[in-house]
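S.K.:
Residue numbers (this note's numbering): 34 to 347.
#1: Is the CB-CB distance between residue 236 and residue 219 below 8 Å?
#2: Once the 5 residues before and after residue 81 are set aside, which same chain residues still bring their CB inside 8 Å of it?
#3: Could you tell me the boundaries of the alpha helix (DSSP H) in which residue 74 lies?
#4: Could you check the C-alpha separation between residue 171 and residue 302 for me, to the nearest Å?
#5: What would DSSP say about residue 193, mapped onto helix, strand or coil?
#6: Straight-line CA distance for residue 203 to residue 182?
#7: Below 8 Å on the Cβ atoms is my contact criterion, and I expect residue 36 with residue 297 to pass it. Report the Cβ-Cβ distance as a whole number of Å.
#8: Can you tell me whether DSSP reads residue 161 as helix, strand or coil?
#9: Residues bridged to residue 265 by DSSP?
#10: Quick one: give me the first and last residue of the alpha helix (DSSP H) that residue 221 is part of.
#11: Please say whether residue 259 and residue 143 have beta carbons closer to each other than 8 Å?
#12: Does the region 272-282 touch the region 113-122, meaning 3 or more C-beta pairs lie closer than 8 Å?
#13: What are the start and end residues of the alpha helix (DSSP H) that includes residue 202?
#14: Output the distance between the C-alpha atoms of residue 163 and residue 314, rounded to the nearest integer angstrom.
#15: Check this for me: beta carbons of residue 56 and residue 131, under 8 Å apart or not?
#16: My assumption, with CB atoms under 8 Å, is that residue 167 sits in contact with residue 137. Please give the rounded CB distance.
#17: Quick one: residues in its chain with C-beta nearer than 7 Å to the C-beta of residue 70, no 5 flanking neighbours on either side, listed in chain order?
#18: Check each candidate in 178, 175, 329 and 293 and name the one with the smallest Cα separation from residue 109.
#19: List the endpoints of the continuous alpha helix (DSSP H) containing residue 212.
#20: Let me confirm a value: residue 217 is counted as buried when at least 16 other C-beta atoms fall within 10 Å, else exposed. Which label applies?
#21: Please report the distance separating the alpha-carbon of residue 215 from that of residue 114.
#22: Exposed or buried, residue 271, counting other C-beta atoms within 10 Å across all chains shown (16 or more means buried)?
#23: Compare the beta carbon distance of residue 213 and residue 230 with 8 Å and say whether it is the shorter of the two.
#24: What three-state label does DSSP hand residue 143 in the structure shown?
#25: Quick one: give me the first and last residue of the alpha helix (DSSP H) that residue 45 is part of.
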């Protein structure tokens with residue numbers, strides 16, 4: 034028997050802080066226990082692409098994959114020891130939370146310890162989990178929000194003010210949102226830059242999370258080039274999806290060997306910022322290892338709580 038876990042099950046069983054811990058632990062093992070991650074594969078179709086990604090985490094005793102098409106997403110989680118399906122999990126909520134959690138891990142290791150102000154561009158579901166992750170790893174004092182729709186950004190600021198223990202204010206421009214922020218987050222579907230390097234103050238940490246394909250970008254070249262350290266989930270996936278990095282590499286202005294993987298930061302192989310004035314960047318793409326590590330936590334919680342629906346898969 035296997036478990037089927039719905040979006041509602043996932044939302045009841047875990048939160049963003051749980052996911053930050055789960056991802057930090059699995060990144061701490063990557064490269065030490067045979068962990069593997071297959072970068073996202075896209076099957077082009079007339080309307081949109083079918084997306085497939087897979088990973089294994091021997092330290093957790095699992096392997097699995099995520100498949101998504103449009104707004105429909107599932108993670109299949111397998112036991113390495115028993116060679117059986119443990120769970121089929123609806124993965125839209127899972128994906129939003131794990132994306133926030135990846136930024137949480139990056140921020141824990143890259144942002145200044147005293148970072149307390151956040152500027153976030155974007156007001157969607159991903160923006161919410163980004164802010165929850167920031168609150169899980171830093172003591173926030175204030176948040177500024179910008180989105181193109183005034184009504185939506187005002188509503189989002191009000192919603193997050195009720196969730197976060199700090200001031201949340203909507204701004205009238207992206208520049209006003211970003212300037213002087215300790216942590217800057219881009220969580221958009223933009224095809225042209227929404228964050229410009231000239232806006233960044235010394236000591237800022239940037240999480241760019243919305244663009245995971247060559248047709249999209251959220252940062253201008255200056256924002257990337259000003260960073261003393263550029264990190265990503267996985268270099269191999271970044272080479273095909275991170276347009277901000279790909280364009281600079283092709284122009285000879287960025288060396289892929291200098292792009293740091295999140296696992297190296299967590300394991301202490303590479304130090305984070307060298308000094309408080311450094312600008313640091315996490316280019317988030319979302320990888321299967323994050324999905325299955327979080328899925329394992331969800332599965333374990335479901336088993337303990339008797340949640341989910343048992344399905345016959347043998």
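Note that beta-carbon positions come from the ideal geometry of N, C-alpha and C, so glycine has one too. These numbers come from a predicted model, not from an experiment.
M.R.: Looking at the atomic coordinates:
#1: Stepping through the chain shown from its first residue, residue 236 is reached at position 203. Stepping through the chain shown from its first residue, residue 219 is reached at position 186. Their beta carbons are not under 8 Å apart, which means residue 236 does not touch residue 219 by this criterion.
#2: The residue labelled residue 81 in the question sits at position 48 within the chain shown. Excluding positions up to five away in sequence, the list reads 102 and 103.
#3: Locating residue 74 in the chain shown gives position 41, where the first residue counts as 1. Per DSSP, residue 74 belongs to no alpha helix (DSSP H); it is in the beta strand (DSSP E), 69-77.
#4: As a working mapping, residue 171 is identified with position 138 in the chain shown. As a working mapping, residue 302 is identified with position 269 in the chain shown. A straight line joining the alpha-carbon of residue 171 with that of residue 302 spans about 23 Å.
#5: Start at 1 with the first residue of the chain shown, and residue 193 comes out as number 160. Helix, per DSSP.
#6: Walking along the chain shown from the start, residue 203 turns up at place 170. Walking along the chain shown from the start, residue 182 turns up at place 149. Residue 203 and residue 182: Cα-Cα distance of roughly 11 Å.
#7: Sequence index remark: in the chain shown, residue 36 carries index 3 (1-based). Sequence index remark: in the chain shown, residue 297 carries index 264 (1-based). Contact between residue 36 and residue 297 does not hold, since their C-beta atoms are separated by about 34 Å, which reaches or exceeds 8 Å.
#8: Within the chain shown, the letter at position 128 stands for residue 161. Of the three classes helix, strand and coil, the one that applies to residue 161 here is helix, per DSSP.
#9: Within the chain shown, residue 265 is the residue found at index 232, counting from 1. In DSSP, residue 265 forms a bridge with 294 and 316.
#10: Here residue 221 refers to the residue found at position 188 when the chain shown is read from its first residue. No alpha helix (DSSP H) holds residue 221; DSSP gives it neither H nor E.
#11: On the chain shown, residue 143 is found 110 positions in, with the first residue counted as 1. On the chain shown, residue 259 is found 226 positions in, with the first residue counted as 1. Contact: no.
#12: no
#13: Mapped onto the chain shown, residue 202 falls at position 169. Taken as a continuous stretch (DSSP letters only), residue 202 belongs to no alpha helix (DSSP H), being part of the beta strand (DSSP E) at 200-203.
#14: Position 130 of the chain shown, counted from the first residue, corresponds to residue 163. Position 281 of the chain shown, counted from the first residue, corresponds to residue 314. One Cα belongs to residue 163, the other to residue 314, and the distance between them is close to 15 Å.
#15: Mapped onto the chain shown, residue 56 falls at position 23. Mapped onto the chain shown, residue 131 falls at position 98. Contact flag set, yes.
#16: Against the chain shown, residue 167 aligns to sequence position 134. Against the chain shown, residue 137 aligns to sequence position 104. By a beta-carbon distance limit of 8 Å, residue 167 contacts residue 137. Their separation comes to about 7 Å.
#17: Locating residue 70 in the chain shown gives position 37, where the first residue counts as 1. Take residue 70, set aside five residues on each side of it, and the residues of its chain with a beta-carbon closer than 7 Å to its own are 88, 267, 320, 321 and 322, in chain order.
#18: Here residue 109 is taken as the residue at index 76 of the chain shown, counted from 1. Checked all of 178, 175, 329 and 293; the closest Cα to residue 109 is 329.
#19: One-based indexing of the chain shown puts residue 212 at position 179. Looking at the DSSP string, residue 212 is not in any alpha helix (DSSP H), and its letter there is neither H nor E.
#20: In the chain shown, counting from the first residue as 1, residue 217 sits at position 184. With 16 or more other Cβ atoms within 10 Å, it is buried.
#21: Locating residue 215 in the chain shown gives position 182, counting from the first residue. Locating residue 114 in the chain shown gives position 81, counting from the first residue. Looking at the two C-alpha atoms, the distance is approximately 45 Å.
#22: Residue 271 sits at position 238 when you count from the first residue of the chain shown. The residue is buried, with at least 16 neighbouring Cβ atoms inside 10 Å.
#23: Along the chain shown, read from residue 1 onward, the residue named residue 213 stands at position 180. Along the chain shown, read from residue 1 onward, the residue named residue 230 stands at position 197. Cβ atoms of residue 213 and residue 230: not closer than 8 Å.
#24: Numbered from 1 along the chain shown, position 110 holds the residue referred to as residue 143. In the three-state DSSP reduction, residue 143 falls in the helix class (H, G or I).
#25: The residue given as residue 45 occupies position 12 in the chain shown. Run containing residue 45: 40-46, per the alpha helix (DSSP H) assignment.
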